Amino acid sequence: MVIHRILPEIDDARFPVKRALGETLLVQAHVFSDGHDRIEVRLRYRHQAEPEWRELPMRELGNDEWQAEFLLEKLGFYECQVVAWVDHFVTWLEGFHKKADGGEEISVELSLGADLLNAAALRAPKPEAKRLQEWAALLRNRSLPIEERGLVARNPALAELARRFSDRSLASEAPAARKILVDPPKALFSSWYELFPRSWAAEPGRHGTFGDCERLLPEIAALGFDVLYLPPIHPIGHHHRKGKNNTTISGPDDVGSPWAIGSEEGGHKSIHPELGGWEDFHRLQARAKEYGLDLALDIAFQCSPDHPYVQEHPDWFRWRPDGTVQYAENPPKKYQDIIPFDFECAEWRSLWEELRSIFVFWIERGVRIFRVDNPHTKPMAFWEWLIADLKAAYPDVILLAEAFTRPKILYHLAKCGFSQGYTYFTWRATPSELREYLTELTSPPVREFFRSNFWPNTPDILPVYLQQGARSTFLQRLILAATLSSNYGIYGPAFELCVREALVPGKEEYLDSEKYQLRHWDWNAPGNLKAEIARVNHIRNTHRALQETNNLRFCETDNPSLLAYAKASADRGDVVLAVVNMDAHPQSGWVRFPAEEFGIDSRKPFQVSDLLSDTSYTWHDGSNYVRLDPAVSPAHLFWVTQYAPD
Numbered sequence: 014m015v016i017h018r019i020l021p022e023i024d025d026a027r028f029p030v031k032r033a034l035g036e037t038l039l040v041q042a043h044v045f046s047d048g049h050d051r052i053e054v055r056l057r058y059r060h061q062a063e064p065e066w067r068e069l070p071m072r073e074l075g076n077d078e079w080q081a082e083f084l085l086e087k088l089g090f091y092e093c094q095v096v097a098w099v100d101h102f103v104t105w106l107e108g109f110h111k112k113a114d115g116g117e118e119i120s121v122e123l124s125l126g127a128d129l130l131n132a133a134a135l136r137a138p139k140p141e142a143k144r145l146q147e148w149a150a151l152l153r154n155r156s157l158p159i160e161e162r163g164l165v166a167r168n169p170a171l172a173e174l175a176r177r178f179s180d181r182s183l184a185s186e187a188p189a190a191r192k193i194l195v196d197p198p199k200a201l202f203s204s205w206y207e208l209f210p211r212s213w214a215a216e217p218g219r220h221g222t223f224g225d226c227e228r229l230l231p232e233i234a235a236l237g238f239d240v241l242y243l244p245p246i247h248p249i250g251h252h253h254r255k256g257k258n259n260t261t262i263s264g265p266d267d268v269g270s271p272w273a274i275g276s277e278e279g280g281h282k283s284i285h286p287e288l289g290g291w292e293d294f295h296r297l298q299a300r301a302k303e304y305g306l307d308l309a310l311d312i313a314f315q316c317s318p319d320h321p322y323v324q325e326h327p328d329w330f331r332w333r334p335d336g337t338v339q340y341a342e343n344p345p346k347k348y349q350d351i352i353p354f355d356f357e358c359a360e361w362r363s364l365w366e367e368l369r370s371i372f373v374f375w376i377e378r379g380v381r382i383f384r385v386d387n388p389h390t391k392p393m394a395f396w397e398w399l400i401a402d403l404k405a406a407y408p409d410v411i412l413l414a415e416a417f418t419r420p421k422i423l424y425h426l427a428k429c430g431f432s433q434g435y436t437y438f439t440w441r442a443t444p445s446e447l448r449e450y451l452t453e454l455t456s457p458p459v460r461e462f463f464r465s466n467f468w469p470n471t472p473d474i475l476p477v478y479l480q481q482g483a484r485s486t487f488l489q490r491l492i493l494a495a496t497l498s499s500n501y502g503i504y505g506p507a508f509e510l511c512v513r514e515a516l517v518p519g520k521e522e523y524l525d526s527e528k529y530q531l532r533h534w535d536w537n538a539p540g541n542l543k544a545e546i547a548r549v550n551h552i553r554n555t556h557r558a559l560q561e562t563n564n565l566r567f568c569e570t571d572n573p574s575l576l577a578y579a580k581a582s583a584d585r586g587d588v589v590l591a592v593v594n595m596d597a598h599p600q601s602g603w604v605r606f607p608a609e610e611f612g613i614d615s616r617k618p619f620q621v622s623d624l625l626s627d628t629s630y631t632w633h634d635g636s637n638y639v640r641l642d643p644a645v646s647p648a649h650l651f652w653v654t655q656y657a658p659d
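Take 14 as the starting number for the sequence shown in the numbering used here and just add one per residue.
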């Protein structure tokens, strides 16, 4: 047997394919043998916790191509393998039919069939073996008319039983089993809201606490988010502490960067005392759950010079001849308040184990979602080992890779097991750029291992087009992020308040960034986007078509400023068509919607209802006119229904 081109696969089965709980895995393979014998092809699969394989017959598609699919019912790792063999009984049966139907003599053929049934009986349990032997005897019984013996051979029940116990002694297996990593459903569909707890005190000038965050939970939930992400909540170092606007000189009131982790008050397994204690943290967790929010924490594997690790494990750091450690850099950014671990140190094994224990520490305290800071600056082998180990013990963990780096590195991190990844969406500002990029993300093989998480802004990134744009620009980017990708997030309240002031115009750093100082926000300031965010998230939460990414289908327009795309649920029962004006001025044009691809007869009128404005239109055939004025709305989100009412 020849078995090859098994899809999906990642790097010759080196890495697992990714799916979410409740999804199915469709496996395709090229399988054939020499000659004209009929073959049997099976897909066998099992969860890592199951000792026995389960088997499915693979369907023949023609041209020696086969496929089968199975439901992923458990979190964690599955494996599957294609196995095939020549089915001698089916091969005989087909030859028998041809000779019998052609009027040829079949008594010898019946004897050959009886031999195959007796051989199958040797492989079958007693009840089935007895039945096979009885049928074999009927085929050999020359006292019966030849026509009656022929009818026995044609009995479908006989063929089915014989196939169950076919000769697999020469079966061939694919060279390697394919692995599948099954993540929680929220890895596939999630809406993240990021905030700095220390900026949410009720009165200006006071350091915020977990208790202060509790009062925000109803509003964040009402906005439609289901993940509340907090930057590092650990003690902050004092040496080389950053001042306001990333200055290298700090004053006595400067709070420092949360990513400069560690002081005499503790490190990665401690809480900054000004945020509260363990009771406060667990109360915030529990209250968030009541509002349907999962708490996500930041994992940043780096230290301030004051971190206890520096004194307790100096071998984990790379010391220079003058007795100092080189601070972290990500040119052109400099992090004088942070020192990196030395992953090449002699004590790397103990370092790796300790870093793993940080994840376990927080997992055992109820945290299941982590945003991992700069994973591309740590060894890939470390992540592959760590994530496989964590997923084996805690399969419900979700890891988001914050890696704005080169494409091959970003993708390799996903192959190593990260559930989601930041992307270049933040910098894709034109329809053509987005079409090209999303086509890459949603096409094989990338779609099989990489799940995007789109962020229009982060505390580190205020894109130039937001600096130079208007309120409608923020709304446009919100709609794009929330509908192109099934996972997205915003850093708030800077985003919904349309904060666009940069430290240096044209650079991406926020003026008066929360990374270095306390802020006091008026969440209800005029011009905020809270109502629009709530509506967009409501649309996402009620339309299955928007709850996955890989179902994206771009549509043609005659205006290059318009980006049009459609999504449909797996059963095509929910179809959403988005049309976004990517320009700052009113734009109009014709949109070609491929209705037939979505189960809609374009020869009859059908209805599109704008979910943003609650207006409906009747469209005819596949080409229809749209006009979008950003001052009113930069986008249509059309719910496409089968037919317009009479």
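Built from N, CA and C at the ideal position, the CB exists for glycine as well.
Please read all numbers here as calculations on a predicted model, not as lab measurements.
Quick one: using the 10 Å Cβ neighbour count with 16 as the cut-off for buried, is residue i buried or exposed?
i	result
tryptophan 291	exposed
glycine 434	buried
phenylalanine 374	exposed
tryptophan 536	exposed
glutamine 600	buried
leucine 74	exposed
proline 472	buried
leucine 335	Reading the sequence as shown, one finds aspartate at residue 335 and not leucine. Exposed: under 16 other Cβ atoms inside 10 Å.
tryptophan 332	exposed
histidine 633	exposed
aspartate 350	buried
serine 363	exposed
asparagine 550	buried
proline 408	buried
isoleucine 262	exposed
aspartate 307	buried
tyrosine 638	exposed
glutamate 609	exposed
serine 465	buried
Pop quiz: residue i and residue j are said to be a contact at Cβ under 8 Å. What is the actual Cβ separation, rounded to whole angstroms?
i	j	result
glycine 586	serine 615	Not a contact, Cβ separation roughly 18 Å.
cysteine 429	methionine 393	6 Å
phenylalanine 330	phenylalanine 314	No, phenylalanine 330 and phenylalanine 314 are not in contact; Cβ-Cβ is about 12 Å, not under 8 Å.
cysteine 316	isoleucine 249	With 8 Å as the limit, cysteine 316 and isoleucine 249 do not qualify as a contact, their Cβ atoms being about 11 Å apart.
proline 265	glutamate 278	At roughly 17 Å, the Cβ-Cβ gap does not stay under 8 Å, so proline 265 and glutamate 278 are not in contact.
threonine 222	aspartate 311	Not really, about 18 Å apart at Cβ, beyond 8 Å.
leucine 171	tryptophan 148	5 Å
alanine 234	glycine 305	6 Å
tryptophan 652	valine 621	7 Å
alanine 558	alanine 577	About 15 Å; that fails the 8 Å criterion.
alanine 81	arginine 191	Not confirmed; about 13 Å, so no contact.
proline 9	serine 574	Outside the shown range of the chain, which is 14 to 659, sits residue 9, and nothing can be said about it.
Just to confirm my understanding: we take residue i, look at its own chain, exclude 5 residues before and 5 after, and list those with CB closer than 8 Å. What are they?
i	result
glutamine 146	Leu130, Asn131, Ala134
alanine 538	Leu510
proline 518	Gln480
leucine 106	Gly126, Ala166, Ala172
phenylalanine 5	The structure shown does not extend to residue 5, since the chain spans only 14 to 659, so no value can be given for it.
Looking only at its own chain, which residues have a Cβ that is under 6 Å from the Cβ of residue i, when we skip the five neighbours before and after it?
i	result
glutamate 561	Ser499
phenylalanine 438	Phe467
alanine 648	Ile492, Val593
alanine 414	Val385, Pro388, Leu426, Phe431, Gly434
tyrosine 501	Phe467, Ala494, Ala495
histidine 220	Arg211, Glu287
arginine 532	Ser212
Suppose the cutoff is 7 Å on Cβ atoms and the five residues either side in sequence are ignored; what does the same chain contact list for residue i look like?
i	result
lysine 528	Ser270, Pro472
phenylalanine 417	Tyr435
glutamate 36	Leu85
### Task
For the stretch 489-497 and the stretch 587-600, state whether three or more C-beta atom pairs, one from each stretch, are separated by less than 8 Å.
yes
### Query
When the Cβ atoms of the stretch 150-169 are set against those of the stretch 196-213, are three or more pairs found closer than 8 Å?
no
#### Entry: Three CB pairs or more closer than 8 Å across the stretch 481-490 and the stretch 540-554
yes
### Query
Which parts of the stretch 268-331 are runs of the beta strand (DSSP E), unbroken and 3 residues or longer, counting only runs that do not cross its ends?
Counting whole runs of 3 or more residues, the stretch 268-331 contains the beta strand (DSSP E) stretches 307-312.
### Query
Given 8 Å as the limit, is there contact between the stretch 65-72 and the stretch 226-242, that is, 3 or more CB pairs closer than that?
no
### Task
Taking 8 Å as the threshold, find out whether the stretch 73-89 comes into contact with the stretch 111-131 through three or more Cβ pairs.
Remark: fewer than three beta-carbon pairs, one from each stretch, lie closer than 8 Å, so the stretch 73-89 and the stretch 111-131 are not flagged as touching.
### Contiguous alpha helix (DSSP H) assignments of at least 4 residues, all confined to the stretch 540-564
For the alpha helix (DSSP H) assignment, the uninterrupted runs of no fewer than 4 residues enclosed by the stretch 540-564 are, from N- to C-terminal side, 543-555.
### Query
Using 8 Å as the threshold, is the stretch 116-125 in touch with the stretch 138-145, meaning 3 or more CB pairs across them?
no
### Message
Which runs of the alpha helix (DSSP H) at least 4 residues long sit entirely within the stretch 75-135? Give them in chain order.
### Response
101-114, 120-134
### In chain order, each beta strand (DSSP E) run of at least 3 residues that lies wholly inside the stretch 401-478
411-415
### Task
Ignoring anything shorter than 3 residues or poking outside the stretch 179-232, list the beta strand (DSSP E) runs there in chain order.
Assignment of beta strand (DSSP E) within the stretch 179-232, counting only whole runs of 3 or more residues, yields 191-196, 203-207 in chain order.
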